[in-house]
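Chemist: Structure provided below as structure tokens; questions to follow.
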Amino acid sequence: MTNAPMGTIHLPAHADTIYQHIRDIPIVSPHGHCDPSWFAKNTAFRDPAELLIIPDHYVFRMLYSQGVPLESLGLGTPPEERDPRKIFKIFAEHWNRFLGTPSRQWLEHTFTNVFGLTEPLTPKTADHYYDLIDAKLKTPEFRPRALFESFGLEVLATTDGALDSLTHHAAIQNSDWQGRIIPTFRPDTVLNPASPDFIPHMHQLAEMTGEDTSSFKNYLSALRQCRAAFKAAGATATDHAITEIYTEQISDSDMQALLQKALNAPLDHAEATLFYGRMLIDMAQMSIDDGLVMQIHAGSYRSTNRTLFKRFGNDMGADIPIAVDWVRGLAPLLNKVGNNPDLTIILFTLDETTYARELAPMAGHWPCLRLGPPWWFHDSLNGIARYFDAVVETAGYWNLAGFNDDTRAFLSIPARHDLWRRGVATHLGTQISRGLFGQSDALEIARLLTRDLAIDAYRLRGV
Amino acid sequence: MTNAPMGTIHLPAHADTIYQHIRDIPIVSPHGHCDPSWFAKNTAFRDPAELLIIPDHYVFRMLYSQGVPLESLGLGTPPEERDPRKIFKIFAEHWNRFLGTPSRQWLEHTFTNVFGLTEPLTPKTADHYYDLIDAKLKTPEFRPRALFESFGLEVLATTDGALDSLTHHAAIQNSDWQGRIIPTFRPDTVLNPASPDFIPHMHQLAEMTGEDTSSFKNYLSALRQCRAAFKAAGATATDHAITEIYTEQISDSDMQALLQKALNAPLDHAEATLFYGRMLIDMAQMSIDDGLVMQIHAGSYRSTNRTLFKRFGNDMGADIPIAVDWVRGLAPLLNKVGNNPDLTIILFTLDETTYARELAPMAGHWPCLRLGPPWWFHDSLNGIARYFDAVVETAGYWNLAGFNDDTRAFLSIPARHDLWRRGVATHLGTQISRGLFGQSDALEIARLLTRDLAIDAYRLRGV
Amino acid sequence: MTNAPMGTIHLPAHADTIYQHIRDIPIVSPHGHCDPSWFAKNTAFRDPAELLIIPDHYVFRMLYSQGVPLESLGLGTPPEERDPRKIFKIFAEHWNRFLGTPSRQWLEHTFTNVFGLTEPLTPKTADHYYDLIDAKLKTPEFRPRALFESFGLEVLATTDGALDSLTHHAAIQNSDWQGRIIPTFRPDTVLNPASPDFIPHMHQLAEMTGEDTSSFKNYLSALRQCRAAFKAAGATATDHAITEIYTEQISDSDMQALLQKALNAPLDHAEATLFYGRMLIDMAQMSIDDGLVMQIHAGSYRSTNRTLFKRFGNDMGADIPIAVDWVRGLAPLLNKVGNNPDLTIILFTLDETTYARELAPMAGHWPCLRLGPPWWFHDSLNGIARYFDAVVETAGYWNLAGFNDDTRAFLSIPARHDLWRRGVATHLGTQISRGLFGQSDALEIARLLTRDLAIDAYRLRGV
């Protein structure tokens, strides 16, 4: 029994053939949070801490849970006032805290495969790690565009607010660089009156589009304009986040009344829920019209730590999943648009109990539905295994949407896709060994799960 | 690594002895939806499509989710206007969509073991499949009674509305054929005021029994009459479906008031829930009196696709499970009758989270409770594994109710029982290899899970 | 395939090294329900039935579910009127009912390792078992203190009502015996107005402390006095049980009004929930002040069988888990105190769906939170596996609280800790074989999970 090579998930013998078959397929990343300006400007990443630690809420939440103040990790501090080496040292001192977590898998894979580091990270080797990574970041091979290429990315989607000018995307497209980076339309702040930005963003939306957003009809036109701009910039999908999934087809006149009210003062919870619940249905109908695939991410209760929220803002590691009722929550939307063959909706859950109970039966019935891959906390070796265990028997493979990494940690993208591919190979190897199907079927499904289902679900082919 | 023989689930080496021990035990099928007229009339099945595809909501829901219109599968079309060969061809073209699903296991098992088909089903072999199956269906060996015998069925229970005249059952019993086919009393439409058939069925109930069903007392007498008729026809059990499990012991006078109201116009949701919640307790009390085992199936949200419901009716693949609260939902019923040693209630859930959390602790306490086998979507290789994983440690084996296939797909019965037996053998083999008990205990438990627990729970012995 | 030695869980080959490493580490039992008077008086246990069957609700609930009346097991009967040999015989006759349950594992382990019994328990060997155990109980080696020592207990915590005089604990500490037995502060009956004992216990609290408990301010002082007394007696922790987790920071004046009302007549459900919800926050704040670790056990719906409750009281095997919402339930408490580095709260759930969805993300964020081990029904081989599967990837290992046995069945303590250690070894062996980390990390984590995390979480070091 020896230590495994760092960052390598072992595979059952019968899964290796499958893994070899898919290991080197180019990466399709149809949903994530990388910053398009990296690729527009192609400037070097600042330092190891800013690249690997400070923006990664998987990493700093764990350190915080172990008593490390966020301030000591440079959060809330301007880059020029931070001591990145010291931050990296603190991280290294707590490296064992990540044992057993996907963060450790991803980072080990990154250290080994991207930076060529071979000795384990310890407080003693922290400076060596820091120096080597820092030096590499200063080389041309580690600029964003070069990494995009060496990672073998076929396409990378970013996520962009509805009001985003998409200038970085335009700059990329107007450059002579060939990397395919596309935006995703994320209009939560102009759809959900519970968003703190709703009122100012509605005014901005009016300005941008020249529409009177206090008229429900014109508000819809304004949204259609934005969607068209995104589509023109290469977008193939929208994205919607909702805490407790709820949809309802209330009348246009009720919407007009709620809209007027919402532009003056915050709606109460029930009113905001109604408004957003109707707007999700309108978004689905616009998707039928313009062909943008609709993504729904439900069930994250955001910013539960109000102290940290006030000090540092959103995405501070205190977004906690809650139970979700997909069946009754989506019923009005699906009954309005769900039988339309032109619609694709991809669903993401953090409540794994809904995999077998709700989502697989729903995806195994409605023509419009596809199940997104294991999301967030569940994008992990066990999470992937539980996902396949729970969804395949009822939804099959063709109702899935392949994989996406959903990350802002650019360097982790190859690691995440590799972990998924190992999870796919492990799953399919087990299916073969149980006698469910043979190798040729397994290899076809492996390719689907690695690339083709994502291309198909996100309508990325030949665009 | 070669393709496995079609439809064969492999077993861990140490499980094979157990499987061999139970493989050929006659099939006990105490809950299902076969049509008793098949066995009363014993006419040949019409064609492969009508036998295998059109009535199987597992099959057509998957095809529908993949963009196949239900019309193209002959649903909603009179048999004489369908093109069954074309329907079978469409099915064959989408056969890979079923990879990894129990439907594929069952159908492969049926093709191989019932029809002797050995080459894989593909669009190219579809005609060969169709012709061979069609030809066999025309032979005496493939008439319903002959299949019943060649499947090794010891007993088969059907499910029959409370108002059913049971003439087919009478015909079977009055024939010289010895197959044991018994009815099951399913009175939902005369218990649940939310049923669209409630008012007409209540009138029919009055007519059938000569009781004034607008009097609560006489209504109960009418139900007792029906139960007695079912019992006389061989029934040993009742069956009750409820969306969100709820029981409450409201007073007779409240029931009288609700009953009067319900016979005139639909009750609101809360009133209907109260009424049905009390009637379930009365059903349990009648079970104590007449000895019929009570089955409760909870948690299926029916016909969520209203468009398909309006076009094609119930059971169109859009019945989706929801979360269920067994603990508080059943408390009033159990506190009224649950300590009675003469009562048996078998519970079925689609919410697997309740296996370990609620149902196993309840079955491991209340003398009246037995857990039914994995239901519907969970009657699958992984579903069976999750069931044993979650229930046995708390409920043990003796509080389970063995297996039932719950199917209207007659030809899949041997396949389903075989899959269960392989699941049992796999589970018990693992228990042995973990050191939980030895082979002799495992073989005893295997026999219990295959036959004896079902015989005992459903009171089928020596009737 | 031979029968395994009784009570021995087999391990995958690669896990054995880990198990050997932790097998003989002294037992830390920081939460449980042993009776301190056993160790204060050190008198012999009365007989095998009173020791092993009558107080064990895991055992008698299973027998009850199988039709054995509790009366026949001696429940509700004074010890001198019982026939313990007959009770043991009934138990032996139903011994197969426990196949596959942890109760059987624990008892087999106890029979083999504590009493040296090697042949299987059957109705025929029941008398031999009874005689041998009975004879051993009369020897000095089987007195409570001697067993404590031979079990290798480093520390054992009991659970004691807030009003407990702690005389047995004082007697132990004043004796010349060195065994470390400490109390745990369990104040539910003086915090939760829904407790049937609330009013009398509040009066008793007033008497004991000399505080006017009808004044909210003085009531808090009275509680502080009790906590101080427990701390002086060696307590390092409190324990709180709550059915549906709910906390809210209502005002002092609202609390004063509710308090006054509660002392006169039972509060309604909503009022009692509010009162208890505020008191849990106060308990957390007192924990910050006095350093007592806070334990919260949520989600057991108690005494669901009212007939048995009326006849026999609490803890009759009819406590059934329900779904719990930790996220919204704890939010007010955590937002008040959760960022305080001096606070430790250990959470226990019976709703396993919250492991990955809620508890692991919460423990992986909040510095104060630790996850307790699998509780009650889930303290089992599969329960332990599911726990590690669901929590480690998000919470890591350092946010866990190690193991505790939570038992009143003193003789089962070594068996329960051994099962945990085998579960730990199995889990870590699998982690190694998957390549997640190597043996040296695994051995460190094994030691943490066996002893050090419990010592640390419960602040037991060097006290």
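Chains as they are written, first to last, in the working numbering: chain A, 10 to 472; chain B, 10 to 472; chain C, 10 to 472. All residues carry an ideal CB built from backbone N, CA and C; glycine is no exception. Here the structure is a predicted model, which means the values were calculated and not measured.
On a CA-only basis, which of Asn391/B, Asp450/B, His306/B, Asp291/B is nearest Gly41/B? Give me that one, please.
Modeler: As a position in the second sequence, residue 41/B is number 32, starting the count at 1. Minimum Cα distance to Gly41/B is reached at His306/B.
Chemist: Please check the pair Gly447/C and Ile454/C, which I expect to be a contact at CB under 8 Å, by giving their CB distance rounded to whole angstroms.
Modeler: As a working note, residue 447/C is residue 438 in the third sequence. As a working note, residue 454/C is residue 445 in the third sequence. Actually they are not in contact, since the Cβ atoms of Gly447/C and Ile454/C sit about 11 Å apart, beyond 8 Å.
Chemist: Going straight from the alpha carbon of Thr247/B to that of Asn273/A, what length do you get?
Modeler: Translated into the one-based positions of the second sequence, residue 247/B becomes position 238. Translated into the one-based positions of the first sequence, residue 273/A becomes position 264. About 58 Å.
Chemist: Would you tell me roughly how many angstroms separate the C-alpha atoms of Gln2/B and Arg337/C, rounded to the nearest one?
Modeler: This structure cannot settle anything about residue 2/B, because the visible part of chain B is limited to 10 through 472.
Chemist: Using Cβ-Cβ distances below 7 Å, what residues of the region 393-409 of chain B are close to chain C?
Modeler: So the close ones are Asp398, Val401, Glu402, Thr403, Gly405, Tyr406, Trp407, Asn408.
Chemist: So does the region 33-52 of chain B actually touch the region 179-188 of chain B, counting three or more Cβ pairs closer than 8 Å?
Modeler: Touching, per the Cβ criterion.
Chemist: Per the DSSP calculation, Arg195/A is bridged to which residue(s)?
Modeler: Residue numbering aside, residue 195/A sits at position 186 when the first sequence is read from its first letter. According to DSSP, which records beta bridges pairwise, Arg195/A is partnered with Gly170/A.
Chemist: Report all residues from its chain with a CB closer than 7 Å to the CB of His474/C; omit the five preceding and five following residues, and keep chain order.
Modeler: Given a span of 10 to 472 for chain C in the structure shown, any question on residue 474/C remains unanswerable.
Chemist: If you reduce the DSSP assignment to three classes, tell me which class Asp44/A lands in.
Modeler: Against the first sequence, residue 44/A aligns to sequence position 35. In this structure, Asp44/A counts as coil in the three-state DSSP scheme.
Chemist: So what does DSSP say about Ala13/B, is it helix, strand or coil?
Modeler: As a working mapping, residue 13/B is identified with position 4 in the second sequence. Since pLDDT at Ala13/B reaches only 44, below the 50 mark, its modelled position is unreliable, and no value is offered.
Chemist: Would you say Arg538/B reaches chain C, if we count a Cβ-Cβ gap shorter than 8 Å as a contact?
Modeler: The requested residue 538/B is not part of the displayed model; chain B covers only 10 to 472.
Chemist: Return yes when the Cβ of Ala424/C is within less than 8 Å of the Cβ of Thr119/C, no when it is not.
Modeler: By 1-based counting over the third sequence, the position of residue 119/C is 110. By 1-based counting over the third sequence, the position of residue 424/C is 415. Yes, they are a contact pair.
Chemist: Is Tyr139/A close to chain C? Criterion is C-beta to C-beta, closer than 8 Å.
Modeler: As a first step, residue 139/A is located in the first sequence; it is residue number 130 there, counting from the start. Not one chain C Cβ lies under 8 Å of Tyr139/A.
Chemist: Starting from His436/B, follow the beta strand (DSSP E) in both directions and report where the run begins and ends.
Modeler: Numbered from 1 along the second sequence, position 427 holds the residue referred to as residue 436/B. Run containing His436/B: none in the beta strand (DSSP E); it sits in the alpha helix (DSSP H), 422-443.
Chemist: Against Phe107/C, what residues of chain B qualify as contacts under a CB-to-CB distance less than 7 Å, listed in chain order?
Modeler: Numbered from 1 along the third sequence, position 98 holds the residue referred to as residue 107/C. By Cβ distance, chain B contributes Gly405.
Chemist: To test your reading of the DSSP string, which unbroken alpha helix (DSSP H) runs of 4 or more residues are found completely within the region 200-242 of chain C?
Modeler: Entirely contained in the region 200-242 of chain C, the alpha helix (DSSP H) runs reaching 4 residues are, in chain order, 207-218, 225-241.
Chemist: Going along chain C in order, which residues have a C-beta closer than 7 Å to the C-beta of Gly76/A?
Modeler: The count along the first sequence starts at 1 and reaches residue 76/A at position 67. Simply Pro350, Pro376.
Chemist: Using a Cβ-Cβ distance under 8 Å, would Gln477/A count as near chain B?
Modeler: It is not possible to answer for residue 477/A, since the shown part of chain A is limited to 10 through 472.
Chemist: Would Phe157/B and Gly188/B qualify as a contact pair, given that the criterion is a beta-carbon distance under 8 Å?
Modeler: As a first step, residue 157/B is located in the second sequence; it is residue number 148 there, counting from the start. As a first step, residue 188/B is located in the second sequence; it is residue number 179 there, counting from the start. Yes, they are a contact pair.
Chemist: So what does His306/C bridge to, in DSSP terms?
Modeler: Here the question's residue 306/C lines up with position 297 in the third sequence. In the DSSP output, where bridge partners are listed per residue, His306/C has Ala250/C, Phe357/C.
Chemist: With burial defined as no fewer than 16 other Cβ atoms inside 10 Å of the residue's Cβ, what is the status of Leu469/B: buried or exposed?
Modeler: On the second sequence, position 460 is the one that residue 469/B refers to. Looking at its Cβ environment, which holds 16 or more other Cβ atoms inside 10 Å, Leu469/B is buried.
Chemist: Report the rounded CA-to-CA distance for Arg315/B versus Ser204/B, giving the unit in angstroms.
Modeler: As a first step, residue 315/B is located in the second sequence; it is residue number 306 there, counting from the start. As a first step, residue 204/B is located in the second sequence; it is residue number 195 there, counting from the start. Those two C-alpha atoms are separated by around 16 Å.
Chemist: Which chain C residues sit within Cβ distance under 8 Å of Gly347/B?
Modeler: Position 338 of the second sequence, counting from 1, holds the residue named residue 347/B. Here the neighbours are Asn314.
Chemist: Between Ala242/A, Val302/A, Leu141/A, Arg106/A, which has its C-alpha nearest Ala463/A's C-alpha?
Modeler: Sequence index remark: in the first sequence, residue 463/A carries index 454 (1-based). Answer by Cα proximity: Val302/A.
Chemist: Less than 7 Å between C-beta atoms, sequence neighbours within five positions excluded: which residues of the same chain meet that for Asn349/B?
Modeler: As a first step, residue 349/B must be located in the second sequence, where it is residue number 340. Contacts found: Ile297, Cys377.
Chemist: Could you tell me which of Thr416/C, Asp415/C, Asp388/C, Ser224/C sits nearest to Val433/C, measuring between CA atoms?
Modeler: As a first step, residue 433/C must be located in the third sequence, where it is residue number 424. Among Thr416/C, Asp415/C, Asp388/C, Ser224/C, the Cα nearest to that of Val433/C is on Asp388/C.
Chemist: Between Asp263/C and Pro39/C, what straight-line distance do the alpha-carbon atoms span, to the nearest angstrom?
Modeler: One-based indexing of the third sequence puts residue 263/C at position 254. One-based indexing of the third sequence puts residue 39/C at position 30. About 36 Å.
Chemist: Are the beta-carbon atoms belonging to Ala231/A and Thr218/A less than 8 Å from one another?
Modeler: Here the question's residue 231/A lines up with position 222 in the first sequence. Here the question's residue 218/A lines up with position 209 in the first sequence. Yes, they are a contact pair.
Chemist: Counting only Cβ pairs nearer than 7 Å, list the residues of chain A close to Asn391/B.
Modeler: To locate residue 391/B, count along the second sequence from 1; it is residue 382. Ordered by position in chain A, the residues that pass the 7 Å Cβ test against Asn391/B are Asp398, Glu402.
Chemist: Measuring only the C-alpha atoms, how far is Thr459/C from Asp44/A?
Modeler: Locating residue 459/C in the third sequence gives position 450, where the first residue counts as 1. Locating residue 44/A in the first sequence gives position 35, where the first residue counts as 1. The straight-line gap from Cα to Cα measures roughly 44 Å.
Chemist: Given Asp261/B, which residues of its chain have a CB within under 7 Å of its CB, disregarding the five upstream and five downstream residues?
Modeler: Sequence index remark: in the second sequence, residue 261/B carries index 252 (1-based). Correct list, in chain order: Phe225.
Chemist: Tell me, which residues are paired with Leu162/C by DSSP?
Modeler: By one-based count along the third sequence, residue 162/C stands at place 153. Paired residue(s): Ile36/C.
Chemist: In whole angstroms, give me the CA-to-CA distance for Asp415/C and Tyr310/C.
Modeler: As a first step, residue 415/C must be located in the third sequence, where it is residue number 406. As a first step, residue 310/C must be located in the third sequence, where it is residue number 301. The straight-line gap from Cα to Cα measures roughly 17 Å.
Chemist: DSSP on Arg311/B, reduced to helix/strand/coil?
Modeler: Numbered from its first residue, the second sequence carries residue 311/B at position 302. DSSP places Arg311/B in coil when its eight states are reduced to three.
Chemist: Could you tell me the boundaries of the alpha helix (DSSP H) in which Ser390/C lies?
Modeler: Reading the third sequence from its first residue, position 381 is the one you call residue 390/C. Strictly speaking, residue 390/C in this sequence is Leu, with Ser absent from that position. 390-404 is the extent of the alpha helix (DSSP H) around Leu390/C.
Chemist: If you drop the 5 nearest sequence neighbours on each side, which residues of the same chain put their C-beta closer than 6 Å to that of Ile63/C?
Modeler: Counted from its first residue, the third sequence places residue 63/C at position 54. Hits under 6 Å: Gly83.
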